[in-house]
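Quick note on my numbering: the sequence shown kicks off at 1174 and runs consecutively.
All residues carry an ideal CB built from backbone N, CA and C; glycine is no exception.
Computed from a predicted model, the values in this text were never measured in an experiment.
A quick write-up on the structure given underneath.
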Amino acid sequence: MTHHSDQPTPKTFTAAPPLSGSVTVPGDKSISHRSLMLSALAIGESRVEGLLEGEDVLATAAAMRAMGATITRDEDGVWHIHGVGVGGLLQPETALDMGNSGTSTRLLMGLLASHDLTATFVGDASLSKRPMARVTEPLARIGASFTTSPGDRLPLTMKGACPAVPLDYTLPVASAQVKSAILLAGLNTPGITRVVEPIPTRDHSERMLKGFGADLRVETQADGARIITLVGEAELKPQNIVVPGDPSSAAFPMVAALLVPGSQVTIANVGLNATRAGLIDLLRDMGGSIEIVNAREVSGEPVGDLIVTASALKGVEPDPAGAPSMIDEYPVAFIAAAFAHGRSVFRGLEELRVKESDRIATMAEGLRAIGVAVEELEDGIIIEGSGGAPLPGGGPIATKLDHRIAMSFAVAGLVSKDGVTIDDMRPVATSFPTFLPLLQSLGAIG
């Protein structure tokens, strides 16, 4: 699955002139994964425009093909998926290679848990370190069985249960992946699957399941908890989906435009789902000028264009309750905090320790390497801002094969005195293959 050369690709990012222009970012990763999976379970042909063509999503496409779906891409970049119907997935002949994609792995385990087949999941070195028990534990309750590597890690082999037993499950951690895995398992399970979410997480699965015709209801309790019920043995109808730009990818040009003096950048067609828009709120709280124009709804998801103007930022202490709405954007938010006036305190981020890398430790180490004063906490980080002065710079930053770490420190390099060197830019291809050309088009790199 991995198309990299075997050699790391280091790169140094140096101080940039004012950034200007209008850009689009790749399609939303979460929505891209789900659109392929649900289209593969519908009877008939679905069309998907704007699909993120990064390695993670291509791993999902390859897995759905291996289980019987016909998936093609035409020369206009539109993807056509002929599905096999809920319950119609076929036994894959070889192991499913998930590359670096935790989302593909956890969601597909859910999808397969209620099908009568056996599948083996393998991944790269980074994915093979990530814990899977949070998904295998609830899925075992519906009757699926798992043989995992030590520490509940990949490679793992699972056997689905058919018929599966419907599950009534309260999420112990705020995780859209766990919620989605259980809902996907519920599609082919007779009866009612119920997930209680004490802290709301991204709701792309619920929106898209409804769009495909599943009988799904969401009730919000007085305390903010959400109860999601799904009636099983669903029949999904094919859809035409337009994938909005990924807010997690928009985060990088957005922070760059705020930090590089004199910049003004428009980022078009960004998904603005409230369960994902936490970074915009945080940056505005820091004093960032981010204007949303042309707000609209596309394929059941709110979308808009962002006009971002360079701003003097001030330190913040965000409410930990907002963490799930920007969990993937914290690394680049830490870069914004490093350039702000005053100190920022981020807490409630335990989830960052089990991402592609331990993102708290990896960011703390990298920030120290470029001259930022930080204190690492068990569940977060304290960052002393430079007050808008250029960051000293340095490196090479150890990215630990984590795409978001690499891109975050690339942004730091644009406001550094001596430049910031990233040890390896190859992982960026997993989510943002056009990252360097995009920076180039804004005038950030020659």
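| Asked | Found |
| --- | --- |
| Separation of G1261 from S1641, as counted between CA atoms | Since the displayed the chain opens at 1174 and closes at 1619, residue 1641 lies outside it and no answer follows. |
| For I1480, three-class secondary structure by DSSP | strand |
| Beta-carbon contacts of R1279 that lie in its chain and below 6 Å, excluding the five residues immediately before and after | V1308, Q1350, A1354 |
| Those runs of the beta strand (DSSP E) which lie wholly inside the segment 1234-1281 and span at least 3 residues | 1243-1246, 1252-1257 |
| Limits of the unbroken beta strand (DSSP E) element including A1302 | The question names Ala, but residue 1302 in the sequence shown is Lys. Here K1302 belongs to no beta strand (DSSP E), and DSSP marks it neither H nor E. |
| Whether G1622 touches H1288 by CB criterion (8 Å) | For residue 1622 there is no data in the structure shown, the boundaries of the chain being 1174 and 1619. |
| Beta strand (DSSP E) runs contained entirely in the segment 1404-1438, provided each spans 3 or more residues | 1413-1415 |
| Rounded straight-line distance, which links the Cα of G1418 to that of T1243 | 25 Å |
| Alpha-carbon spacing of S1462 relative to K1487, whole angstroms | 12 Å |
| Cβ pair V1443, V1198 closer than 8 Å | yes |
| Separation of P1373 from P1183, as counted between CA atoms | 38 Å |
| Residue from I1543, R1390, M1580 whose Cα sits closest to the Cα of P1504 | M1580 |
| Three-state secondary structure assigned by DSSP to E1310 | helix |
| Endpoints, the alpha helix (DSSP H) within which L1486 is located | Unbroken run through L1486: none, as it is neither H nor E. |
| Cβ-Cβ separation, T1320 to M1305 (assumed contact under 8 Å), whole Å | 12 Å between Cβ atoms; not a contact. |
| Pair within 8 Å by beta-carbon distance, V1438 and L1587 | no |
| Distance between H1514 and D1229 (C-alpha atoms, nearest Å) | 37 Å |
| With 16 other Cβ atoms within 10 Å as the buried cut-off, status of V1620 | With the chain covering only 1174 through 1619, there is no way to say anything about residue 1620. |
| Ordered list of alpha helix (DSSP H) runs contained in the segment 1510-1557, each at least 4 residues | 1532-1542 |
| Helix, strand or coil at D1376 [DSSP, three-state] | coil |
| Sequence-distant residues of the same chain with beta carbon closer than 6 Å to E1548, five excluded per side | I1555 |
| Test item: CB-CB of S1604 and G1558 under 8 Å | no |
| Reference D1501; option with closest CA among P1420, P1265, A1585, P1323 | P1420 |
| Per-residue DSSP class, three states only, for M1499 | helix |
| Range covered by the alpha helix (DSSP H) that runs through L1209 | 1202-1214 |
| Beta-carbon proximity list for R1449, same chain, < 7 Å, skipping 5 on both sides | R1375, P1420, S1498 |
| Where A1429 falls, given that 16 or more other Cβ within 10 Å makes a residue buried | buried |
| Pair within 8 Å by beta-carbon distance, D1596 and P1569 | yes |
| Range covered by the alpha helix (DSSP H) that runs through P1610 | 1608-1614 |
| For A1292, the three-state DSSP class (helix, strand or coil) | strand |
| Cβ separation of L1452 and A1494, assumed to be a contact under 8 Å, to the nearest whole Å | Not really, about 15 Å apart at Cβ, beyond 8 Å. |
| Proximity to T1233 [Cα-Cα], best of L1192, S1219, M1282 | M1282 |
| Exposure of R1532, with buried meaning 16 or more beta-carbon neighbours within 10 Å | buried |
| DSSP-derived helix/strand/coil call for T1603 | helix |
| Q1180, DSSP secondary structure in three states | coil |
| Residue burial classification, G1227 (beta-carbon count within 10 angstroms, cutoff 16) | buried |
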